[in-house]
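Chemist: Take any residue in the sequence shown, count from 1 to its spot, add 297: that is its number in my numbering.
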Amino acid sequence: MHPNIVQIYEVGHADGIHFIAQEFVAGKSLDEILAHKGALDQGVVLDILRQVAFALCKAAEVGIVHRDIKPANIFILANGQAKVGDFGIARIESSNLTQAGSVLGTPAYMSPEQFMGQRIDGRSDLFSAGVILYQFLSGEKPFAGQLTTIMHKVLKEDPIAPSELNVQVPAAFDAVVRKAMAKRPDDRYQTARAFADALQAALNNRSAADSEATLVGSTPAAAEETLIRPEPAKPAPASPPPMPPSLGEMIESQVGPIGRQVKPGAKRSVFLPVAAVVGAALVIFASAAIYFIKKDKASADTPSHAAASLPAQTAGDESAPKTMTISAVAYADPSDPRFAGDPALMRATLREESRRELVEKAVALYVQPASMSDHYALLRDKLLQRSGDFIAAVIQEDAPQTGKDGLVSMSTKATVRIRDVQKSLNQMSQDERVDFIRNNGDPKISVVITTAASAEEAPPRRSPVAENLLKEKIQSFGFRTWAEDGGNKKADFSVQGEAKFKKLSVKLEASGLQIERTVITSWTIKCIDKRSGEEIYFNTTIPKGKSWNSEDEALADVGKLIGEEFSKSFFLQNYHFIGQKVRLKLAGLPDSQFGKRLSTEVSGLRNVLAVKPIESDLLEVDLSGGQTNLSDLVTTGITTPLNRKFGRACFNVASTFENEVRVDFSPECSDQAIAARLDTAPPAALFAAPAPKVEAIVKNPELRKKLQI
């Protein structure tokens, strides 16, 4: 038995039925957690994956390859303990249960050798674990799309490094992911123990980096090495490290109660060692898996045919990241009479204000700065005050600091549910009848989905079921759906789709019953730019191996599929709200200490999601404001508010090359009287803030006058 593997208590045969009695796990799968939460803290995820690695160590000891490692097969108990289950298509390395040339597994998590039908070993499971690690670090699956696309990517393409998709991911993890997902098994970690050790080393690297208030750690040399061992050695017996007592609480705090483990009741008299039990169970599970896979290919999470004959599948929802780690700086005025003799109240106020700042920065991902300022009072009252609804976890909160400008500041870093912010922003826009001007535009979208029988001459008819499901998907991105005859304001885009279906009659031989099934023969979708008439998007899909009990059920599924495909292929190409990573090269600064203090100042600006000092004159900045050119983003979001603070044009964008922007500090601003304004003048964030925000924070009339200059 192993604490990270779902236990099997008995395998038997009674009354002509083979059975397996196994542990009941009262918890949630990682798949459920991901669907509910979108992301977990990196430390939690890495701890879970290390436990998975220890489970794979144990399986490797007895020569078992799982072959279907994926979030749905990893379960989390209330105390944070992870358990690997569903060894239904596992293989004993010394057996001939599954011959080379057959394919079993879940495509998005399968290794190259699984797709090729080659002999596999434990390193294939490590590839799948690497895919899970990538997914949780970046928020996206590394290999997505139709099945043939997934297979091509797995065999031929290297995915983008997680740190390029999520700037909060330390570069040390890129090396771990790259090695775990190497195309050749010999280039991967050779044992699960080595994978677990690499995760721990990367986590330690991140922790050291966090203690220095940076977002990205350096890559250790060892993590970059490639081990080539033609004959992988048997790993030493391994047991998982003690579980951190706070892990389960951390998970429950982010996804809700998980449940409590149910201890097994009285067992029957036959008990088998884990290896023998799993070995006997493999025959039963694999036979059942192959039977059901052949029976219904479309539900094949674990296909059983060679790669070339696998049915086409529609990828899952590869939507924009649901969460983002954001840094913010909050300010309080100690001259406020409320704080007289009550430092605890000031800290509580700073904490509340920091939460509002975090949500405000999330809103800035979607709404243009001028539009935010115009409606700030309403935003603060209706949305920012609800910060608790949007902040998943506070990662770091610094102690309050009193500056030479007379204000007290507090820096905070937290994980924010940006998709929830987006949805609430859209709802508020409807409820309050406010038209926010969004970054990258704010399209009004009409939807028309029609259906037609393949073998009939009847004209197509509209399907409210499919239309409404697609509208829900569009609205989940924060956009408005519009009627075709929307009065004076016409839709900007028209989404038009058609689904063709036919009905099949099937006679069940055993009972003689005649049943009808609906089959979708094809569905098409296109998007038309109403202003130009251009078809800017189109797609046709021919589903295979799937049928439904009724036309409405079929159309409901098609509506979901169209929504996922359209959202992934259209919105994420044209309206993907993420920050742009910028390397900010600061030239001409008075000294290195000036640069360090400047990074804190920049961190407080509304459009700055995160700052990582690389050197005293080089910052890595994650900027919101839409997919516009970097020089404009830096000018609007950074240099303009800084220049207001200094009272003159001290910072000027000099050049841009790829993702690096050079900003020159004017020589005349190196004068001590001017340079001192970095510390003595009010924060640049307040110079750029709308009046209602300044009034809520600053109570000193003299300080308010300075902000009006």
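Every residue, glycine too, gets a C-beta built ideally from N, C-alpha and C.
Predicted model only: the values in this text are computed from it and were never measured.
1) Helix, strand or coil: which one does DSSP assign to I1041?
2) Quick one: measure Cβ to Cβ for L920 and G876, integer angstroms, because I've assumed they're closer than 8 Å.
3) Check whether the segment 311-318 touches the segment 349-364, taking contact to mean three or more Cβ pairs, one atom from each stretch, closer than 8 Å.
4) Suppose you measure from the CA of K367 to the CA of D914; what does that come to, to the nearest Å?
5) Do you know how far the Cα of T712 is from the Cα of V660?
6) Locate the beta strand (DSSP E) running through D929, then write down its first and last residues.
7) Would the segment 886-894 count as touching the segment 925-937 if we require 3 or more Cβ pairs under 8 Å?
8) CB-CB under 7 Å to V855, same chain, minus the five flanking residues each way: which ones, in chain order?
9) Return the Cβ separation of I692 and T622 in integer angstroms, given the expectation that the two are a contact with Cβ distance under 8 Å.
10) Pairing CB atoms from the segment 715-722 with CB atoms from the segment 652-666, are three or more of them under 8 Å?
11) I think D888 touches K701, with their Cβ atoms under 8 Å apart; what is that distance to the nearest whole Å?
12) So, using beta-carbon positions, are E410 and P482 closer together than 8 Å?
13) Does DSSP put F412 in a helix, a strand or coil?
14) My understanding is that V362 touches M407, with C-beta atoms under 8 Å, so please give their C-beta distance in whole angstroms.
15) Between L327 and L500, how many whole angstroms is the CB-CB distance? I'm expecting something under 8 Å.
16) Could you check whether G901 and P964 sit closer than 8 Å to each other, using their CB atoms as the reference points?
17) Mind checking who Y628 pairs with in its DSSP beta bridge?
18) Drop a sphere of 10 angstroms on the beta-carbon of F835, count the other beta-carbons inside from all chains shown, and report buried for 16 or more, exposed for fewer.
19) Leaving out five residues on either side along the sequence, give the residues of the same chain with a beta carbon under 7 Å from the beta carbon of W779.
20) In terms of DSSP beta bridges, what is A907 paired with?
21) Tell me which residues share the same chain as K827 and place their Cβ nearer than 7 Å to its Cβ, disregarding the 5 neighbours each side in the sequence.
22) Once DSSP output is grouped into helix, strand and coil, what is the label at T445?
23) Please return the same chain residues whose Cβ sits closer than 8 Å to the Cβ of G944, not counting the five positions on each side in sequence.
24) Taking the beta strand (DSSP E) that I373 belongs to, which residues open and close that run?
25) Shortest alpha-carbon distance to A369 belongs to which of G377, N376, V381, A375?
26) For A755, collect the residues of the same chain with a Cβ closer than 8 Å to its Cβ; drop the 5 residues on either side in sequence, then sort them by chain order.
27) Using CA coordinates, which residue listed in N502, E957, R941 is at the minimum distance from S928?
28) Please classify H672: is it buried, with 16 or more other beta-carbons within 10 angstroms of its beta-carbon, or exposed?
29) Per DSSP, which residues does Y834 bridge with? Please list them.
30) With respect to the alpha helix (DSSP H) encompassing S425, which residues constitute its N-terminal and C-terminal limits?
31) Closer than 8 Å, CB to CB, is V473 near chain D or not?
32) With distance defined between alpha-carbon atoms, name the residue in L852, V705, R364, G427 nearest to R416.
33) Strictly by DSSP, which residues pair up with G309?
34) Alpha carbon to alpha carbon, what distance is there between I429 and D422?
35) Report the three-state DSSP secondary structure of V451 (helix, strand or coil).
36) Tell me the DSSP secondary structure of E729 in three-state form.
Modeler: In short:
1) Nothing about residue 1041 can be read from this structure; the chain reaches only from 298 to 1006.
2) 6 Å
3) no
4) 43 Å
5) 14 Å
6) Run containing D929: none in the beta strand (DSSP E); it sits in the alpha helix (DSSP H), 927-931.
7) no
8) A763, A796, I817, W820
9) Rounded, the Cβ-Cβ distance is 7 Å, consistent with contact.
10) yes
11) Contact doesn't hold; Cβ gap of about 17 Å is too wide.
12) yes
13) DSSP places F412 in helix when its eight states are reduced to three.
14) About 12 Å; that fails the 8 Å criterion.
15) Contact doesn't hold; Cβ gap of about 18 Å is too wide.
16) No, they are not a contact pair.
17) Answer is S706.
18) exposed
19) K741, I742, S743, A788
20) D919
21) K787, A788, D789, F790, S791
22) Assigned with DSSP and collapsed to three states, T445 falls in helix.
23) So the list reads I971, R974, A978, I1006, once near-sequence residues are dropped.
24) 371-373
25) Comparing alpha carbon positions, the residue from G377, N376, V381, A375 closest to A369 is V381.
26) A749
27) E957
28) buried
29) C824
30) 419-435
31) Given the protein chain composition of this structure (a single chain), no chain D is represented.
32) R364
33) Secondary-structure assignment with DSSP links G309 through a beta bridge to F316.
34) 11 Å
35) helix
36) coil
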